[in-house]
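S.K.:
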Amino acid sequence: MESNAKGVGTRAVTAAMIRAFAQLTGDRSRIHIDPQFAQASGFSGPIAHGLLTGALALGALTRHQPNAVGVGNGDELMTHYALRLSRVVESGDELSFRWVNAPSQAGVRNLAYVDTGYEVVNQRDDVVASGHVSLCSQGAAYLRERPKARVALLRDADGLHPGAPEMYYAEDIVACGPRGTVTLPTQTQASVDTFVAQVDECNPLYSDGAGAVPPMLNFCLGFSAFLEALLRVAMPAAGSAGHVADEWQVHRLVALGEKIRVIHQPLDCKRTQSRPELAVVRFGLNFVDTKHELVQQGIVKMMIPSRPDR
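Position 79 (the sequence shown) corresponds to 212 in the numbering used here; numbering is contiguous.
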């Protein structure tokens, strides 16, 4: 067991950092870029993307605990990432990171894995996010085994199902909410370099000449495409949805210049016990190549108002 009880890798979150992340990933939701809208929503100004916090955590692991993500070892592969958001991060917050390593039982057949749990804390020592990464010591064998998908491969779909209501509650989102297929922006070495510099994920796999796109960047692009579709429909509570958690699983690394599509659809919802007027809705994201083969898969959890009991 290895851990760091004291946070390291402190990063100050700035308005410029939030704007740059929005520009790079395509997530230009008003809560992140519009000061007046953010203030009307009860914040001092634009808030950081949940995935910006998650990407900074992965960058801190890469910088301060590189063996947790396989940096410098060509046989190892980071296969899975999970993020749970617990507090809002605003411009001016200072984030630091801590982790704990433990053997993992999860994985493909008998391959060896190590899970690294992490926490992100602010300047008041409040935990704002937590999660874990999984590292496989036999990356080539993992890819040969074609890891089992956590969500069945989704079919191409576009738009809304028939019978769409004027106002979408969580149950409506699952039944007939937005689902579709979006082609993601093709990534270049310049865009990868910009992302790596922003979040400090300095992995040789993504350096000049290596030719791979960071899975976190790929997921952020897919999340933005999904969220844009979701926020087109009318929902209660100012028409917005609260970002709760994410996870993604690598099936193979995406190459620079490769054409990737994300297929997104709602999966299910469950009312929260503490606040039954809200429900957590799970969305599936499948990232596929031009042969419709799965390269990455993700799950997004959003908190959305539940339909009032009649």
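Quick reminder that beta carbons are idealized off the backbone N, C-alpha and C, glycines included.
Using a threshold of 8 Å, state whether the C-beta atoms of Arg-196 and Asp-333 are closer than that.
M.R.: As a first step, residue 196 is located in the sequence shown; it is residue number 63 there, counting from the start. As a first step, residue 333 is located in the sequence shown; it is residue number 200 there, counting from the start. Taking 8 Å as the Cβ cut-off, Arg-196 and Asp-333 qualify as a contacting pair.
S.K.: With distances taken from CA atoms, which of Phe-420, Val-233, His-397, Val-377 is nearest Leu-216?
M.R.: Taking the first residue of the sequence shown as position 1, residue 216 is located at position 83. Measuring from the Cα of Leu-216, the nearest candidate turns out to be Val-377.
S.K.: Should Gly-240 be labelled buried (16 or more other beta-carbon atoms within 10 Å of its own) or exposed?
M.R.: Locating residue 240 in the sequence shown gives position 107, counting from the first residue. At Gly-240 the pLDDT is 48, less than 50, meaning the model places this residue with poor confidence and gives no usable figure here.
S.K.: For a minimum of 4 consecutive residues, which ranges assigned as the alpha helix (DSSP H) are wholly contained in the stretch 147–196?
M.R.: List check, alpha helix (DSSP H) in window: 148–158, 163–166, 168–173.
S.K.: Relative to the C-alpha of Val-266, which residue among Phe-154, Ile-396, Gln-198 is closest?
M.R.: The count along the sequence shown starts at 1 and reaches residue 266 at position 133. For Val-266, the nearest C-alpha among the options comes from Gln-198.
S.K.: Assign Thr-147 to one of two classes, buried (16 or more other C-beta atoms within 10 Å of its C-beta) or exposed (fewer than that).
M.R.: Within the sequence shown, numbered from 1, the residue matching residue 147 stands at position 14. Label assigned to Thr-147: exposed.
S.K.: Quick check: the Cα distance between Tyr-275 and Pro-179, rounded to an integer number of angstroms?
M.R.: Here residue 275 refers to the residue found at position 142 when the sequence shown is read from its first residue. Here residue 179 refers to the residue found at position 46 when the sequence shown is read from its first residue. The straight-line gap from Cα to Cα measures roughly 40 Å.
S.K.: Inspect the beta-carbon positions of Ala-193 and Val-233 and report whether they are closer than 8 Å.
M.R.: For the purposes of this step, residue 193 is taken as residue 60 along the sequence shown, with counting starting at 1. For the purposes of this step, residue 233 is taken as residue 100 along the sequence shown, with counting starting at 1. No. Outside cutoff.
S.K.: Three-state secondary structure (DSSP) at Ser-267?
M.R.: For this step, residue 267 is matched to residue 134 along the sequence shown. In the structure shown, Ser-267 sits in a strand (DSSP, three-state: E or B).
S.K.: Could you check where the alpha helix (DSSP H) with Leu-348 kicks off and where it finishes?
M.R.: In the sequence shown, residue 348 corresponds to position 215, counting from 1. Reading off the sequence shown, one finds Pro at residue 348, where the question assumed Leu. Where Pro-348 is concerned, the enclosing alpha helix (DSSP H) stretches over 348–363.
S.K.: Closest to Val-387 by CA distance: which of Gly-375, Val-414, Leu-427 is it?
M.R.: Counting from one through the sequence shown, the residue named residue 387 turns up at place 254. Of the listed residues, the one whose Cα sits closest to Val-387 is Leu-427.
S.K.: Check whether the Cβ atoms of Ala-362 and Gly-313 sit closer than 8 Å, and answer yes or no.
M.R.: Looking up residue 362 in the sequence shown gives position 229. Looking up residue 313 in the sequence shown gives position 180. Yes. Within cutoff.
S.K.: Going by DSSP, which residues form a beta bridge with Gly-225?
M.R.: Position 92 of the sequence shown, counting from 1, holds the residue named residue 225. Answer is none; Gly-225 lacks a bridge partner.
S.K.: Please report the residue range of the beta strand (DSSP E) in which Arg-415 lies.
M.R.: As a working note, residue 415 is residue 282 in the sequence shown. Run containing Arg-415: 411–421, per the beta strand (DSSP E) assignment.
S.K.: Where does the unbroken alpha helix (DSSP H) through Gln-331 begin, and where does it stop?
M.R.: Here residue 331 refers to the residue found at position 198 of the sequence shown. Here the alpha helix (DSSP H) through Gln-331 covers 322–332.
S.K.: Whose CA, out of Ser-357, Glu-410, Asp-442, lies closest to the CA of Ser-416?
M.R.: For the purposes of this step, residue 416 is identified with residue 283 of the sequence shown, where counting begins at 1. According to the sequence as given, residue 416 is Phe; it is not Ser. Checked all of Ser-357, Glu-410, Asp-442; the closest Cα to Phe-416 is Ser-357.
S.K.: Use the C-beta contact count for Pro-441: other C-beta atoms within 10 angstroms, 16 or more gives buried, fewer gives exposed.
M.R.: As a first step, residue 441 is located in the sequence shown; it is residue number 308 there, counting from the start. Label assigned to Pro-441: exposed.
S.K.: When burial is assigned at 16 or more other CB atoms within 10 Å of the CB, is Pro-347 buried or exposed?
M.R.: Numbered from 1 along the sequence shown, position 214 holds the residue referred to as residue 347. Buried, since its Cβ has 16 or more Cβ neighbours within 10 Å.
S.K.: Is the Cβ-Cβ distance between Val-433 and Phe-328 less than 8 Å?
M.R.: For the purposes of this step, residue 433 is taken as the residue at position 300 of the sequence shown. For the purposes of this step, residue 328 is taken as the residue at position 195 of the sequence shown. Their beta carbons are not under 8 Å apart, which means Val-433 does not touch Phe-328 by this criterion.
S.K.: Going by Cα to Cα distance, which pick from Val-383, Val-307, Val-222, Thr-405 is closest to Val-253?
M.R.: As a working note, residue 253 is residue 120 in the sequence shown. Checked all of Val-383, Val-307, Val-222, Thr-405; the closest Cα to Val-253 is Val-222.
S.K.: Can you tell me where the alpha helix (DSSP H) with Cys-402 in it begins and where it stops?
M.R.: The residue you call residue 402 lines up with position 269 of the sequence shown. No alpha helix (DSSP H) contains Cys-402, which is instead part of the beta strand (DSSP E) from 394–404.
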